[in-house]
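Here the sequence shown is numbered in numbering that gives the first Met the number 0, starting from 0 and rising by one per residue. Each remark here refers to the structure printed beneath this line.
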Amino acid sequence: MDHYHFALKFIFLFGVVMTVYHFHLSVVSFAESNRDDDEDEELGVFGVIKEVVFIISYYANQFILHIFTRVHCLLISIVSLQRFTIYFFPVTEPYVNLNKKNMGFLIKLIYIVSSIFVLHFMFADFLQIVPDSIQEGNMKVSRYIYFYFSLDALYFISSILYLPIMISIRKHSHLASVMENQPQKYVLYQCLICLLFRTVHYPLMLYLYYILDYRIEPLIEFALEMDFLNTPIIVQLAYLFSNKRNAQTLFSKKLLKIMFCLNLNQVDPEPRIEVYSTAVGNPNNANNI
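Set out below in structure tokens:
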């Protein structure tokens with residue numbers, strides 16, 4: 000949970016900085032459009048520096064976008080797989096329910112591996128010395144697209160795994176604890192949150208690609224920006240709707256503190272929390288719900 004709070008704070012700060020930078024860039028570009036040729040020659044060195052700063056900031060922005068979206072896509076997928084495994088195969092809990100130290104190591108490993116992949120594709124794109132695309136019919140398709148959609152496919156599959164959990168819990172709806180807390184409802188909420196927010200831009204992408212013949216690369220950049228915006232929403236809402244007590248926080252005075260990460264102890268977690276939300280207990284044991 001601490002990792003998500005730190006990441007969301009960083010992304011908020013990063014968004015503010017990039018907004019200010021792009022506003023400044025727009026003002027400078029507008030001012031330069033009104034200069035004559037003599038002024039442009041006098042500012043040749045400044046122009047070169049500006050171009051270098053622009054290139055560095057562009058690739059830094061792209062790197063952070065790619066890393067944040069891909070890493071959190073994978074982490075959310077891992078949480079879903081972890082819950083599914085623990086629920087249906089409780090004997091695996093000691094192995095898949097990682098403690099804080101091991102989870103921290105796993106997160107660092109994911110960041111390192113993801114950074115290697117992203118840097119490879121970015122350098123290939125910048126230097127054009129490494130084949131970063133393959134031939135598909137009459138057009139070239141970037142290898143990164145396969146990397147992007149592979150992680151998205153894993154995300155969708157892992158999100159759907161919430162449905163068997165919900166169905167299993169509903170079979171035990173006669174239990175008093177299930178009737179009182181209705182955990183199956185919150186499992187369904189998390190499934191819908193993960194799927195709907197992640198796919199909200201897909202209809203537009205399909206329309207632009209198949210109907211208006213847009214190239215796939217700019218559509219992937221658009222998808223990354225959408226992922227960048229909706230990932231914090233997915234994380235926060237999935238956590239708030241992980242159980243009845245957390246959902247009640249939506250109607251409390253603590254909501255703004257939680258959404259803006261002002262307090263790390265905003266909601267008391269259920270037992271066996273990992274990464275961002277509460278583990279689901281097996282209804283066969285009424286005391287675990």
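Note that CB positions come from ideal geometry on N, CA and C, so glycine has one too.
Cβ-based burial, residue i [other Cβ within 10 Å; buried from 16]
| i | result |
| --- | --- |
| Ile-168 | buried |
| Ile-166 | exposed |
| Gln-189 | buried |
| Thr-91 | exposed |
| Gln-247 | exposed |
| Asn-101 | exposed |
| Arg-82 | buried |
| Tyr-86 | buried |
| Ile-54 | exposed |
| Ile-115 | exposed |
| Pro-182 | buried |
Same chain, Cβ closer than 7 angstroms to residue i, neighbours up to 5 away in sequence not counted
| i | result |
| --- | --- |
| Leu-218 | Met-204, Leu-207, Tyr-208 |
| Ser-113 | Ile-66, Arg-69, Val-70 |
| Val-15 | none |
For residue i, three-class secondary structure by DSSP
| i | result |
| --- | --- |
| Val-52 | helix |
| Tyr-58 | helix |
| Asp-212 | coil |
| Thr-277 | In this prediction, Thr-277 scores a pLDDT of 42, lower than 50, which makes its location untrustworthy; the coordinate-derived value is nonetheless stated afterwards. Coil. |
| His-171 | coil |
| Leu-97 | coil |
| Asn-229 | helix |
| His-65 | helix |
| Leu-160 | coil |
| Ser-241 | coil |
| Asp-131 | Here the model assigns Asp-131 a pLDDT of 49, short of 50, so the residue's position is not dependable, and the following value carries that caveat. The answer is coil: DSSP assigns Asp-131 none of H, G, I, E or B. |
| His-200 | coil |
| Phe-88 | coil |
| Gln-183 | helix |
Selection from the options that minimises the alpha carbon distance to residue i
| i | options | result |
| --- | --- | --- |
| Leu-191 | Tyr-161, Val-112, Asn-96, Phe-104 | Tyr-161 |
| Phe-221 | Ile-144, Asn-180, His-171, Ala-152 | Ile-144 |
| Met-225 | Phe-148, Glu-179, Phe-116, Leu-64 | Leu-64 |
| Phe-240 | Cys-193, Ile-115, Tyr-201 | Cys-193 |
| Val-52 | Met-17, Ser-172, Tyr-3, Leu-7 | Met-17 |
| Leu-105 | His-2, Lys-184, Ile-210 | His-2 |
| Ala-152 | Asn-96, Arg-214, Arg-197, Lys-243 | Arg-197 |
| Ile-215 | Val-177, Arg-142, Leu-174, Lys-49 | Arg-142 |
| Tyr-57 | Met-121, Leu-108, Phe-155, Val-47 | Met-121 |
| Val-186 | Ser-158, Lys-107, Lys-49, Pro-89 | Ser-158 |
| Val-199 | Ile-210, Tyr-213, Ala-175, Thr-230 | Thr-230 |
8 angstroms CB neighbourhood of residue i in its chain, flanking five on each side removed
| i | result |
| --- | --- |
| Leu-150 | Arg-69, Cys-72, Leu-73, Ser-76 |
Near the ligand MG: residue i beta-carbon under 7 angstroms from a heavy atom
| i | result |
| --- | --- |
| Phe-227 | For the structure depicted, the ligand MG is absent and the ligand set is empty, with no information on it obtainable. |
Residues near residue i in its chain [Cβ-Cβ closer than 6 angstroms; skip 5 each side]
| i | result |
| --- | --- |
| Leu-223 | Leu-64, Thr-68 |
| Ala-6 | none |
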